[in-house]
Each structure stands twice: as structure tokens, then as C-alpha cells.
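K.L.:
Numbering (full-length UniProt numbering), first residue to last: 1 to 399. Even glycine gets a Cβ: it sits at the ideal position worked out from N, Cα and C.
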Ligand code: HEM
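In C-alpha cells, the structure reads:
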């Protein structure tokens, strides 16, 4: 094949799935734009790469989230970007905060936050569901988890956007956007720096920041920069993804009124619905990696130092594993976890994301009989790694 696929072209961003299907058929491991990264699109190859952190390093994240013009990005210093053994040492510190016991403790509070968000939605007239529902819920949950002032929630999303998509989609000539990203780095460092200073003056609380401050890795406390990198990772990991899980759930429900009716009749199907949304529209479409030596994948030889883009968004539609994969099917057997990654970096927040999704949908189904499209069309979020609605106007009719 002579022409390179351009994964940032407007057509691909609007609907990447036909392009992914062509890639799986014609060139399952190939160089793409932007930047000549090596895209891996078949399910089995994607698993193979994610399972092998020795040869496929997560430093790939650093390269695309901390370009030289940015001058540092706390996200690019986080555990997500680390390889063994540093990665494992940090991961054990936060693991407990996301376990089953912690989720059970959080559940009543998350339910309350979901009910509040739904109670504030307007009835019977158009509303863009992204801000007051899909974003409000995960931002409030992260604030709760980190013990942050809930009034600061809107700023959290703004920073999460700028430190990820706001960096990965900047073109060389876009000086103003570069400055906005640099400002966001400075603001987020100052904000979390103040939060840490304030915690130092208070008695230790039970929130995650207080726990991390007391944690020791091989006898040593985490530095201020390490703590800030953790918080930024949770901010990005916890908001940028769940917002799109909730947004894409609404898109599916708008397009499939019969599914809305099925869920209203039987709430026990909500978990299966969420798994199928995650497969059908994975919020994190791709994970970057960097080869540490010459390595073969899918029959193609990649040189040492190659930038690799692991396409979960393609793998979850691979016909070899998901027959009729372009069809949303509430009865599809599952769950399968690939939308949350695989191996040592498997998503720490998977159970939290499922909890938020279930409680948000329960609140919505209790409050509304029916949802329909508003006259204004929806738009898609257009970054390389993350996919979901940017705006989603709907009309909700009360139960
Ligand atoms: C639908 C929602 C979510 C999806 C689809 C998702 C997806 C993922 C994926 C694919 C990875 C692995 C990336 C890689 O291998 O390079 C990951 C890692 C991670 N996620 Fe999530 N995530 C979600 C929600 C959350 C939430 C709610 C949190 C926390 C509040 C979270 C925190 C993390 C963290 C800390 C990591 C890094 C784990 C490590 O490096 O060991 N995620 N997530």
C-alpha cells in the first residue's frame, strides 16, 4: 500500500471504524500519520504488544504528551508512562484505593452525586448532556476521591483536556495553543502544590492525597513532583475516559430506543450494556508504546525506537473475535476487558468507571421515560487517543 492512513484526518476522527477495518484487512501493522507511528490494529497483535512491556515501553506516552516545546508535563512523569520496576513500586501504593472495599465505601456517595446531576437536568427541552451529566459526574467523583473542593471541578476537566488532547493535536504553527498548554501545566502544578501545602498544615485525612502523602516507597516518601504526577494521572485517567463512556452510552441509547426500553424494564442489564458500549466505542482508542529493541509484530519487523500506536478502538471490532462487530448488541457475551487495557498497566479505575456508569444510568432511567435527539446535531471530540461526543444535545421526557 502506498498511501498512508491519516488517523487525524477529519473523516477518520468523525468515524474511525471503516479505516480501522481496512487496516486490519490490508495492513494490520503499518506506518500512519501523524508522524509515521506504527499502528497495530488486529486484536491478537494488540494483546501481544500490551503484554510485553519489556519490548514495548510505555515511554511512548511521554513522547507524545511532552513535546520539547511544552517544557514538562506532569502527566508524562506519571506511573502510566513508567516501565518495570519503577512502575510496580508506585502502582502498589494506589491499588488499594481502587479495590472492591474502597468501591463499596464510595458507592453511596457516587449514587448521591449522580442523582444530584440528574435532578438538575432540564425537562422537556434541549440540553447538551456533556457538561451537566457526562462531565459533571466524573469530575465530582474525582474531587471526592482526592478530597478537593467540589467548586474546582470545572477547572479539573479544563486542565485534563489541555494536558492531553491540547498537547497531542497541536500543529507546529499553533503558537497560541502551545501557550495555553504551557499555562495549563503551570496552573496545575501551582494548584496541586497548594493542595499539598494545605494538607501539610492539616491533620491527615482519609482522602487519597492524604494517604499518598503518608505512603513510603522503599522507606522514602514520594516527592512533591511525584505526588503531583499521580494526581494529574488520576485527573486525566478518571475524567477524560468516563466522560466519553457516559457520552457514548447516551449516543447508543438515542440511536436504539429499544435498548433504552429494555434497560428501563430490567436494570440488571445495565452492566452488560456498559460493557458493550466500551467495546463498541472504547473511550481510550489507542495507547502509545516505544520499542526497546528490533521486534516483530504481526509479521512486520519494527526497528528499535519505533513509536507504536496500539489501537484498542480497532481490536474491539476485530471480526475474528467479535462477529458482526459493527453492530451494537446488548446480548453479546462479555465482559471482555480490553477497553481497559491489558497487563501491568491494566486500568486501575476500571471498577470505579463501571460503578459510575451504572449509577449514572440508573439515576437517568429512574428520572426519565424517554430521551430523543434535539434539533441541533451532536459533534465528536477529535483527538488521537480519546473518542466520544464533544456536544450531545438531547431532549429528556420525565417519567
Ligand atoms: C471508561 C473509563 C476508563 C477507560 C476506558 C480507561 C482505560 C484505561 C486504559 C486502556 C489504561 C491502560 C493504558 C495503557 O496500557 O497504556 C488505563 C490505565 C489507567 N487508568 Fe483508566 N480508564 C477508565 C477510567 C479510569 C478511572 C475512573 C480512573 C481513576 C480515577 C483511571 C485510572 C487509571 C490509571 C491510574 C491508569 C494507569 C495504570 C498503570 O499505569 O498501571 N481510569 N485506563
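1. Output yes or no for whether 9 Å exceeds the beta carbon distance between residue 10 and residue 382.
2. Any chance the CB of residue 237 is under 8 Å from a heavy atom of the ligand HEM?
3. In terms of DSSP beta bridges, what is residue 31 paired with?
4. Just grab the DSSP bridge partners of residue 57 for me.
5. Given that a residue counts as buried once 16 or more other Cβ atoms are within 10 Å of its Cβ, and exposed if not, what is residue 306?
6. What residues are listed by DSSP as bridge partners for residue 372?
7. Assuming contact is defined by CB atoms lying nearer than 9 Å, are residue 23 and residue 31 in contact in what I supplied?
8. Name the DSSP bridge partner or partners of residue 128?
9. Does the ligand HEM have a heavy atom nearer than 8 Å to the CB of residue 16?
10. Threshold first: 4 residues or longer. Then list the alpha helix (DSSP H) segments lying entirely within the segment 291 to 362, N to C.
11. So which of 62, 69 and 84 has the shortest CA-CA distance to residue 75?
12. Quick one: using the 10 Å Cβ neighbour count with 16 as the cut-off for buried, is residue 356 buried or exposed?
13. My output table needs one value for residue 252: the three-state DSSP class, helix, strand or coil.
14. If you measure from the CB of residue 346, is any heavy atom of the ligand HEM nearer than 8 Å?
15. According to DSSP, is residue 265 helix, strand or coil?
16. Of the choices 234, 386 and 118, whose alpha-carbon is the least far from that of residue 348?
P.N.:
In brief:
1. yes
2. yes
3. 38
4. 290
5. buried
6. 395
7. no
8. 393
9. no
10. 312 to 315
11. 62
12. buried
13. helix
14. yes
15. helix
16. 234
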